[in-house]
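Trainee: Here it is, the structure, as structure tokens.
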Amino acid sequence: MKLIRDGATGLKTLPAFPVVLVTVGQNILTAAACSFYSFEPPSVMIGIKPARYSFELICKLEEFGINIPTADQLSLTEYCGTVSGRNVNKFEEADITPMESIKIQSSLIRECPVNLECKVVSTIDWEGSHRWFIGRIECAHIAEDYSRDQALMFWLGQYRKVGEVLHGKQRIDF
Ligand SMILES: Cc1cc2nc3c(=O)[nH]c(=O)nc-3n(C[C@H](O)[C@H](O)[C@H](O)COP(=O)(O)O)c2cc1C
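In the working numbering, the protein residues as written are -1 to 172.
Next comes the structure, spelled out in structure tokens:
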């Protein structure tokens, strides 16, 4: 075992995170800083850097959509994560279909098999590179044939598929 005093090296040992397409208003941002927050109320959190156009929008609208892309939608995911909505309309440029939400004003992405409508209930803004927006899931649209195995993961420049299930019988209090 080596003692590493540099926290950044420690951070890099984490496995990949799920990648999502966050919709706010009529814009889309790719985010790998996405995590479970709570079972009750069902909530997630996303980390967004202040420089992003989506940051301005989420601060104003206090809501967001989480659209889960499949591994087949890697090029769409890469596109939404490399151009800014300040300069282009990503729905039009990527030729994807805005879908109306039920509980929020922001558009969702019809081509994604899962869309979660979230309202911002709190933020975490402690010194870090990202501000974390905690969103309560108000409702979900889920394709009948959706499986979590289709999702896409990302960390340190690498995209990955979800791995195999090793053990899944026992319920663990998480
Ligand atoms: C795979 C991937 C993951 C990303 N994850 C995040 C993230 O978690 N938070 C963030 O602020 N930006 C993230 N980005 C960068 C933004 O998606 C990117 O800067 C985007 O162009 C911002 O769009 P906007 O200016 O329209 O909001 C990621 C990009 C990629 C390709």
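Beta carbons are placed, not taken as given, at the ideal position from N, Cα and C, and that holds for glycine.
(1) With hydrogens ignored, establish whether the beta-carbon of residue 76 is closer than 8 Å to any heavy atom of ligand 1.
(2) In the DSSP assignment, find the unbroken alpha helix (DSSP H) run with residue 7 in it and report its ends.
(3) Bridge partners for residue 22 per DSSP, in chain order?
(4) In this structure, how does DSSP classify residue 120 when only helix, strand and coil are distinguished?
(5) Once the 5 residues before and after residue 61 are set aside, which same chain residues still bring their CB inside 8 Å of it?
(6) Do residue 116 and ligand 1 come close, with the Cβ less than 8 Å from some heavy atom?
(7) What residue does the alpha helix (DSSP H) around residue 36 start on, and which one ends it?
(8) From residue 40 to residue 110, what does the alpha carbon distance come to, in whole angstroms?
(9) Leaving aside the five residues before and after residue 122 along the sequence, list all residues of the same chain whose C-beta is less than 8 Å from its C-beta, in chain order.
(10) What's the C-alpha gap between residue 145 and residue 86?
(11) Please report the straight-line C-alpha distance between residue 49 and residue 124, rounded to a whole angstrom.
(12) Relative to the C-alpha of residue 73, which candidate in 91, 51, 58, 45 has its C-alpha closest?
(13) How would you write the range of the alpha helix (DSSP H) that residue 74 sits in, first residue to last?
(14) Please report the distance separating the alpha-carbon of residue 107 from that of residue 156.
(15) If you draw a straight line from the C-alpha of residue 35 to the C-alpha of residue 165, how long is it?
(16) Less than 8 Å separating the Cβ of residue 29 from some heavy atom of ligand 1?
Mentor: From the atom records:
(1) yes
(2) Taken as a continuous stretch (DSSP letters only), the alpha helix (DSSP H) holding residue 7 covers 5 to 9.
(3) Note: residue 22 sits in a beta bridge opposite 25.
(4) strand
(5) Cβ neighbours of residue 61 beyond the five flanking positions: 22, 102, 103, 104, 115, 116, 117, 118, 133.
(6) no
(7) That residue, residue 36, is in no alpha helix (DSSP H); its beta strand (DSSP E) goes 32 to 36.
(8) 20 Å
(9) 43, 129, 130, 132
(10) Near 32 Å, if we compare the C-alpha coordinates of residue 86 and residue 145.
(11) 16 Å
(12) 91
(13) Where residue 74 is concerned, the enclosing alpha helix (DSSP H) stretches over 72 to 78.
(14) Going by C-alpha positions, residue 107 is about 24 Å away from residue 156.
(15) Rounded to the nearest whole angstrom, the C-alpha separation of residue 35 and residue 165 is 23 Å.
(16) yes
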